[in-house]
Each structure stands twice: as structure tokens, then as C-alpha cells.
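Only one structure is covered here, and it is reproduced in the block below.
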Amino acid sequence: MADRPSTCESQSSTGSTEEKASVSKSERTMSHSENTGPPLDYSFKNLLTLEGIENEKPRKGVKNYRKSKAGRYLSTALRLNNNQLVKIDGISNAVNQILEYPERLTWLDLSFNKLADIPQDLTALPNLKIIYLHGNHLADLPSILKTLKMLLELYSLTLHGNPVEERKGYRSKVLAYLPHLKSLDFNNVTSADRKKIAMIKKK
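All residue numbers for the sequence shown refer to the UniProt record's numbering, where the first residue is 1 and numbers rise by one.
Below, the structure written as C-alpha cells:
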């Protein structure tokens with residue numbers, strides 16, 4: 001991060017403090033934006049497990065990946081879609097191995113695998129905002145929602161193409177349990193959805 005510019009000594013104490021706060025926030029935003037590379041893409045790698053993923057090379061994209069001095073990737077998005085993953089136990093450890101700032105991970109694509117459950121270990125990545133889980137083998141909706149409810153930043157989720165989608169009232173149940181969602185299965189949460197959930201809760 002660039003050195004924080006000094007403020008003029010002749011400024012008032014209040015003005016100086018406000019400018020420093022403004023500059024500091026601006027620098028953090030700029031530094032984060034400049035240092036973050038494209039989504040880290042491990043899709044279509046025929047992965048059976050996340051163990052040893054640090055030894056796998058991600059797929060090349062249009063933009064080059066960026067790495068820290070420690071050799072870990074600088075990214076806030078991770079693609080693990082279209083593999084053969086049956087379990088993702090230890091996912092937080094795997095993310096720690098490949099990302100320099102695992103706490104900054106906000107987008108995770110696990111679609112089109114063979115997942116039958118979502119481990120609580122996922123909650124060790126508390127800043128996840130977008131999770132794609134469509135096209136898996138997820139059948140236990142209560143268990144899945146119990147884990148996802150702990151991700152307080154989550155606002156976009158996909159679960160379609162799983163057995164859970166066949167449950168009666170599936171969409172309403174998910175939205176009632178995860179009221180902070182703004183999008184489910186690539187469809188925005190509407191006022192009609194909210195009204196339907198409110199009616200269900202009154203019963």
C-alpha cells in the first residue's frame with residue numbers, strides 16, 4: 001500500500017482528522033482494487049477432492065492472475081465448478097493454502113459437482129456473498145440452510161438442479177430461512193416473494 005500522504009499542519013484538528021480518514025479509506029479501496037486479480041479458476045479440472053489443490057494450476061483466463069510475495073493468489077472469487085467433488089470438507093484450509101487473503105473471498109462457485117451436503121467448515125469463510133451450488137446432489141434442505149444461515153453476508157444463492165428444488169414450497173422456505181437473500185437461483189427476490197413469506201410466517 002502506498003504511504004499515506006501527510007496533511008498540512010495549518011489545517012484545523014477536526015479538518016485534518018476528517019481528511020486523514022477520507023484518504024485512508026480511499027487508499028484501502030484503491031489498494032484492494034489494484035491488488036485483486038481475476039476469479040481463480042479450477043473448473044473442469046476433474047477434481048475429486050480439495051486436498052492438495054495448492055499443487056494444482058488454475059485454468060488460464062483472459063487476465064493474468066496476481067500473486068503475493070508468498071506465492072499465494074490475490075483474488076476474491078473462486079471457481080470450483082464442473083468437477084467431481086463429492087465432499088468439500090476442509091474447504092477453509094484449502095482456501096487458506098491458495099489465497100493470500102482468504103477472508104476476502106466473496107464469490108464461490110461449486111456448481112455441477114456431486115456434493116451431497118455442505119459442511120459447517122464453509123462458515124469459516126464469513127465474507128461469502130455469492131455461492132453457486134446448482135447442479136449437485138443436495139437433498140437435505142434443513143441441514144443446508146442451517147449452515148448457510150451463518151453466512152451473514154450472503155445475498156445471492158443458487159440451489160436449482162438439486163433434489164431440494166423438488167420440495168414443496170422450496171423457494172419460500174429458502175427465502176424465509178435466509179431473509180437477507182436478494183437473489184435465488186438467478187432470480188431476484190421480489191416484493192411478491194416477501195409477501196408470500198410474511199403470510200407463511202403468520203400461519
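Ideal placement from N, C-alpha and C gives every residue a C-beta, glycine not left out.
Residue i - partner residues in DSSP beta bridges
i	result
Asn-188	Ser-183
Leu-99	Tyr-73
Thr-106	Note: Thr-106 sits in no beta bridge, so no partner.
Lys-67	Tyr-73
Thr-158	Tyr-132
Buried versus exposed, by CB contacts within 10 Å (16 or more), residue i
i	result
Thr-190	exposed
Asp-140	exposed
Lys-57	exposed
Met-30	Legend: pLDDT at Met-30 = 34, less than 50; position of this residue unreliable, no value from coordinates given.
Asn-113	buried
Residue i, enclosing alpha helix (DSSP H) - first and last residue
i	result
Tyr-170	170-177
Leu-141	141-148
Residue i versus the options, residue with shortest Cα-Cα distance
i	options	result
Leu-40	Leu-50, Leu-74, Ser-68	Leu-74
Lys-146	Glu-165, Ile-118, Leu-50	Ile-118
Thr-76	Leu-148, Thr-36, Leu-151	Thr-36
Asn-136	Gly-161, Ala-124, Glu-54	Gly-161
residue 231	Lys-149, Ser-172, Lys-87, Ala-94	Residue 231 lies beyond the range of the chain shown here (1 to 203); nothing can be said about it.
Ala-96	Ile-197, Leu-184, Glu-166, Leu-78	Sequence check: residue 96 is Asn here, not Ala. Asn-96 has its Cα closest to that of Leu-78, out of Ile-197, Leu-184, Glu-166, Leu-78.
Extent of the continuous beta strand (DSSP E) to which residue i belongs
i	result
Ile-131	130-132
For residue j and residue i, believed in contact at Cβ under 8 Å, the rounded distance
i	j	result
Pro-126	Glu-153	7 Å
Leu-99	Arg-72	6 Å
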